[in-house]
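Residue numbering for the sequence shown follows the numbering used here, beginning at 3 and increasing consecutively. Data first, discussion second: the structure below is written as structure tokens.
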Amino acid sequence: MKRLLLLFCSCLAFCSLHAQITITSADMPVVNDTLRYSIANPAVSTINIADSGTNKTWNYSGLDARAQAVDTYKTASSVNITYAVTIPSGSYGYKVGDSLPGLSSSGLPVTISDIYTFFEIKTSPDRYIADAFAAKVNSFPTPAKYTTPDVWYYFPLTYPHAQDSSNYVLNVTVPSLGNLKQKGYRKTRVDSWGTITTPYFTSPVSCIRVRSEVHEIDSVTVTLLGTTIGFQRNFVDYKWLANGEHYPVLWVSVSLATGKPTSITYRDVARRGLDVANTTSAITSIKAYPNPAPNGIVNLDLPATWSNFSVELFDIQSRSVATFNNERVLNIQSLPAGTYIALVSCGNQYGYVEIIK
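Dropping the structure here:
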């Protein structure tokens, strides 16, 4: 009888480990959270994004970390007291970047630094939204609420979960300068469930995987110059979420242009030998000339500080056709005439440019 009871308990524990879970607002970040994560190298990753479905066993214990970072969730007033006038008291957020990628090379007389996104948990319906923005624009503290919030999740999240879709709009007016605008569209669904293993979770932990496809355009307008510059972002976020964790067990961003991972982060603890990164992964403006390049010689206009970078070229079927290391002049004479996408990566920064031969 004792053996049967022990067998029953063992089976129950095994089934519980592999049971589907439900993610609610209780699993989201809270004020004063300091969430540490490691940043893995997408270039050497073996993550298979197509590995989805039911009762999956994801083993990513061999992720190769190159740095670490910490997201610290703060109220608007604790970041800058002037932000509290505009941003709701129930919102809290973290620093998403030191600057707006690509702006420094645009030639516009604008600097945007110390960029924060603020979030809030809402009810009726239950959801987790990005509802405010704050940054220093030309060193002046500039907060703004989203005209239409960016809904990251509708709760509860479980498999299967019908696809949610929403538009979002942020419009920031800067007196005597112009305006900043962000306009996007997000589609989110739970596409898998199972267990996952990482360097942090050395034993399998139950999770669901959430897929969010985002199409976004960020633009900066300088009124006096009558000039607008835009940055388009089209990507898919895959997040493995577990109960009790306020940061994804694993978070992979994939470019819609190439189908390749552009950033990989995972929940972790402080590890000796890994530096804390100063910035999160960021898109940088990349230019190519001459473009079209009928003779097959293409010059890349990259930030001057990039000294150790890689270039991977993809055709329109998202197949990798060429790679280059630390080359600002690409020789693609051997490739057929056509359209290609160049993915340029340097540390935790990257950019894309279309090249026509």
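From the three backbone atoms N, C-alpha and C, an ideal C-beta is built for every residue, glycine too.
Please classify tyrosine 39 as buried or exposed, where buried requires at least 16 other C-beta atoms within 10 Å of its C-beta.
Tyrosine 39 comes out buried.
Less than 8 Å between the beta carbons of serine 54 and aspartate 193, yes or no?
Yes, the Cβ-Cβ distance between serine 54 and aspartate 193 is below 8 Å.
To the nearest angstrom, how far is it from the Cα of histidine 248 to the Cα of phenylalanine 120?
The alpha-carbon atoms of histidine 248 and phenylalanine 120 are separated by roughly 15 Å.
Can aspartate 270 and proline 201 be called in contact, C-beta distance under 8 Å?
In contact: aspartate 270 and proline 201 (Cβ atoms closer than 8 Å).
Excluding sequence positions up to five away, which residues of its chain have a Cβ less than 6 Å from the Cβ of leucine 302?
The answer, listed in chain order, is Ala290, Arg330.
For the candidate residues Tyr268, Phe237, Thr225, whose alpha-carbon lies nearest to that of alanine 259?
Checked all of Tyr268, Phe237, Thr225; the closest Cα to alanine 259 is Phe237.
Where does serine 336 land, buried or exposed, given buried means 16+ other C-beta within 10 angstroms?
Exposed, because fewer than 16 other Cβ atoms sit within 10 Å of the Cβ of serine 336.
Along the chain, where does the alpha helix (DSSP H) that runs through alanine 78 open and close?
Where alanine 78 is concerned, the enclosing alpha helix (DSSP H) stretches over 78 to 81.
For aspartate 128, tell me which candidate among Ser141, Ile114, Tyr118, Tyr156 has the shortest Cα-Cα distance.
For aspartate 128, the nearest C-alpha among the options comes from Tyr156.
What do you get for glutamate 122, buried or exposed, if any count of 16 or more other CB atoms within 10 angstroms of its CB means buried?
The residue is buried, with at least 16 neighbouring Cβ atoms inside 10 Å.
So the candidates are His217, Arg213, Glu356; which of them puts its Cα closest to the Cα of valine 171?
The shortest Cα separation from valine 171 among His217, Arg213, Glu356 belongs to His217.
Enumerate in chain order the residues of its own chain whose CB-to-CB distance from alanine 244 is below 6 Å, with the five nearest sequence positions on each side excluded.
Closer than 6 Å at the Cβ level, and outside the excluded window around alanine 244, lie Val207, Cys209, Val251.
So asparagine 333 and isoleucine 299 are in contact, right, with Cβ under 8 Å, and what is the actual spacing, rounded?
Yes, asparagine 333 and isoleucine 299 are in contact; Cβ-Cβ is about 6 Å, under 8 Å.
Given this structure, state the Cα-to-Cα distance separating proline 111 from serine 322, to the nearest angstrom.
Whole-angstrom Cα-Cα distance: 38 Å.
Answer yes or no: do asparagine 140 and leucine 179 have a C-beta to C-beta separation smaller than 8 Å?
Yes.
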